[in-house]
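S.K.: In my numbering, the protein residues as written are 71 to 528.
The C-beta atom is built at its ideal place from N, Cα and C for all residues, glycine as well.
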C-alpha cells in the first residue's frame with residue numbers, strides 16, 4: 071500500500087467578527103487568521119462522532135498518486151455491513167477544521183486621553199460486491215487464515231471486511247490480492263488480530279470513480295457499535311520516515327473528550343505577542359507547536375479547541391448547521407434539537423447550549439513515542455478553550471494629556487514583554503524578535519527618546 075495522508079484545506083482569510091473592550095485601552099477585536107491543518111505536510115484528519123457505545127468515524131485522504139494504486143487497511147472492532155459505510159463530502163472536514171483552528175485576533179487601544187481609565191496594562195480576554203471467488207481461491211484464503219466477512223461497493227470504493235487468524239497470513243493474502251502492503255506490516259497487524267479486530271479494506275473502483283466526475287477521492291465514513299473508543303494509528307507508521315501529525319475532531323453530546331493512555335494537555339494560549347506576527351502566523355504556530363511538543367517529551371495529545379458547537383468567540387468560521395453536523399456523523403440530534411425552531415424560516419438560531427460539543431486534539435507521533443493506539447473517553451466537562459493569540463495595537467494618535475504620557479511611557483515595557491513571550495512560546499531568538507519589532511511597532515525605534523520627552527513633560 072502506498073503511503074497516504076488525510077485531507078487538509080482552507081486558505082487563511084481575514085474576517086472581522088467581534089467588537090468589544092476586554093480591558094482599558096482595548097477596543098474592537100478582530101479575528102485575523104487561523105492555523106488550520108493546511109500548515110502541516112503530513113497530516114491525518116479524522117472526525118469521531120461518539121455517543122454511548124456508537125461511533126461514526128470519518129476519514130479524509132489526500133492520497134498522492136494514481137487512483138488505481140490507492141488502498142487502505144483499517145482495523146475495526148466489528149464486521150461492518152454496507153449500510154454502515156458511506157462516502158462523505160470533503161467540505162465537512164474543511165468546515166470543522168476552519169471552525170476549530172487556533173486563531174490570531176487583534177485589538178486596538180483607544181485614545182487614553184479620550185476617557186478616564188485605570189492605569190493598567192491591556193490584557194487578553196478571559197479563556198473563553200465483486201464476483202464470487204472460485205472454490206480453489208477460497209480454499210487458498212482459508213489456508214492463510216483469512217476470511218472475507220463482507221464484500222460490497224460504496225460510491226467509488228470496493229470494500230472488503232476481513233478477519234484473520236495470524237498476521238503473516240493476512241499480509242500474504244493482501245499482497246496476493248493486489249494490495250501493496252509495505253514491509254513491516256506483519257508485526258503491526260499482530261496486536262489487532264490478537265484483539266479479534268476485523269479489517270476494513272478499500273480500493274478504488276476506477277470505472278465508478280471516472281463516472282462520478284470527482285477529481286479527488288472522497289472521505290470514507292463508517293459507523294459501528296463498540297465499547298472501545300479508540301483510533302488505530304499504528305498501521306500508518308509502517309512506511310513513515312518522519313513525525314506524523316494527526317488532528318482528531320471529536321463530537322460528543324456530553325462535553326470535552328480526552329486521551330486516556332497518554333497525557334492530554336492544552337496548547338499554550340491567550341498570549342499577547344508582537345504585531346509583526348500577523349504576517350507570519352503560520353510559521354509562528356508551527357514553531358509554537360513544535361516547541362510545546364518537545365517540552366512535553368513528544369508523547370502527549372494537545373487540545374487546540376474545546377467548545378459548544380452552538381457558538382464561538384471569536385469565530386473563525388460559522389458554527390455548523392444541523393444538516394452539516396449530521397453529515398459529520400452526529401446521529402443523536404433529532405430528539406434534542408440544537409437550533410431554535412421558532413426562528414424565522416431561513417434564519418436558524420443556535421440555542422445557548424447545544425448537545426454537540428467539539429474537542430480538537432492534535433497529536434504528533436512516532437513509533438517510539440506513541441507505541442499504542444490512542445484511547446479516548448468522553449467527560450461531562452463543557453469548559454471552553456481555544457488556541458488564541460492576541461495582537462494589541464498601540465494608539466498612534468496625538469497624546470497631550472497626562473494619561474497619554476503615562477500610556478506612552480508604559481509601551482516599551484509592554485513591547486518587551488510581548489517579545490519575551492514570543493521567544494518563550496516559539497524558541498525564536500530574542501534578538502531577532504526585537505529587530506523585527508523595531509521595524510513594525512510604533513514608538514519602538516525611538517522609544518528611549520520618547521520616554522525622555524515624556525519624563526520631561528514636553
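(1) Is residue 315 helix, strand or coil by DSSP?
(2) With a threshold of 6 Å on Cβ separation, who are the neighbours of residue 368 within its own chain once the five nearest residues in sequence on each side are excluded?
(3) Looking only at its own chain, which residues have a Cβ that is under 6 Å from the Cβ of residue 255, when we skip the five neighbours before and after it?
(4) Report the option in 344, 217, 465 and 432 whose CA atom is closest to the CA atom of residue 182.
(5) Which residue's Cα is closest to the Cα of residue 391: 136, 139, 106 and 166?
(6) Where do the N-terminal and C-terminal ends of the alpha helix (DSSP H) with residue 491 fall, by residue?
(7) Just to check my reading of the structure: residue 344 and residue 488 have Cβ atoms closer than 8 Å, yes? What is that Cβ distance to the nearest angstrom?
(8) Beta strand (DSSP E) containing residue 347: first to last residue?
(9) Measuring alpha carbon to alpha carbon, tell me which residue in 237, 490 and 146 is nearest residue 258.
(10) Span of the beta strand (DSSP E) holding residue 377?
(11) Assign residue 417 to buried or exposed, taking buried as 16 or more other Cβ atoms, counted over all protein chains shown, within 10 Å of its Cβ.
(12) DSSP beta-bridge partners for residue 228?
(13) According to DSSP, is residue 460 helix, strand or coil?
(14) Which residue marks the beginning of the alpha helix (DSSP H) containing residue 505, and which one marks its end?
(15) Does the region 456–472 touch the region 155–166, meaning 3 or more C-beta pairs lie closer than 8 Å?
(16) Would you report the Cα separation of residue 156 and residue 493, rounded to the nearest angstrom?
(17) According to DSSP, what are the bridge partners of residue 233?
(18) Just grab the DSSP bridge partners of residue 290 for me.
(19) Write down the C-beta distance between residue 355 and residue 107 rounded to the nearest angstrom, noting that I regard them as a contact closer than 8 Å.
(20) Sort 111, 110, 112 and 118 by Cα distance to residue 54 and report the nearest one.
(21) Inspect the beta-carbon positions of residue 269 and residue 426 and report whether they are closer than 9 Å.
(22) According to DSSP, is residue 393 part of a helix, a strand, or is it coil?
(23) Can you give me the C-alpha to C-alpha distance between residue 446 and residue 125, rounded to a whole angstrom?
(24) Taking residue 122 as the reference, give the member of 178, 138 and 294 with the closest Cα.
(25) Looking only at C-alpha atoms, which of 231, 472, 260 and 219 sits nearest to residue 529?
M.R.: Result, derived from the coordinates:
(1) Residue state, collapsed to three classes: strand.
(2) The residues are 439.
(3) Excluding sequence neighbours, residue 255 sits near 241 and 308.
(4) Closest option to residue 182, Cα to Cα, is 465.
(5) For the residues 136, 139, 106 and 166, the minimum Cα distance to residue 391 belongs to 166.
(6) Its alpha helix (DSSP H) spans residues 472–496.
(7) The Cβ separation is near 5 Å, so the contact holds.
(8) No beta strand (DSSP E) contains residue 347, which DSSP labels as neither H nor E.
(9) The residue with the shortest Cα to Cα distance from residue 258 is 237.
(10) 370–378 is the extent of the beta strand (DSSP E) around residue 377.
(11) Residue placement at residue 417 cannot be trusted, given a pLDDT of 49 that sits under 50; what the coordinates show is reported in the next sentence. Classification of residue 417: exposed, given that the 10 Å Cβ count is below 16.
(12) Note: residue 228 sits in a beta bridge opposite 223 and 273.
(13) Here residue 460 sits in strand by DSSP.
(14) Element bounds for residue 505: 500–510.
(15) The region 155–166 is not in contact with the region 456–472.
(16) Distance between the alpha carbons of residue 156 and residue 493: 46 Å.
(17) Residue 233 pairs with 217.
(18) Under DSSP, the beta-bridge partners assigned to residue 290 are 129 and 157.
(19) Wrong, their Cβ atoms sit about 11 Å apart, outside the cutoff.
(20) The chain is shown from 71 up to 528; residue 54 falls before or after that span and cannot be answered.
(21) No, the pair does not count as a contact, with Cβ atoms beyond the cut-off.
(22) Residue 393 carries a helical assignment under DSSP once its states are collapsed to helix, strand and coil.
(23) Going by the C-alpha atoms only, they are around 12 Å apart.
(24) When 178, 138 and 294 are compared, the shortest CA-CA separation from residue 122 is found for 294.
(25) Residue coverage of the chain in this structure runs from 71 to 528, which leaves residue 529 outside it and unanswerable.
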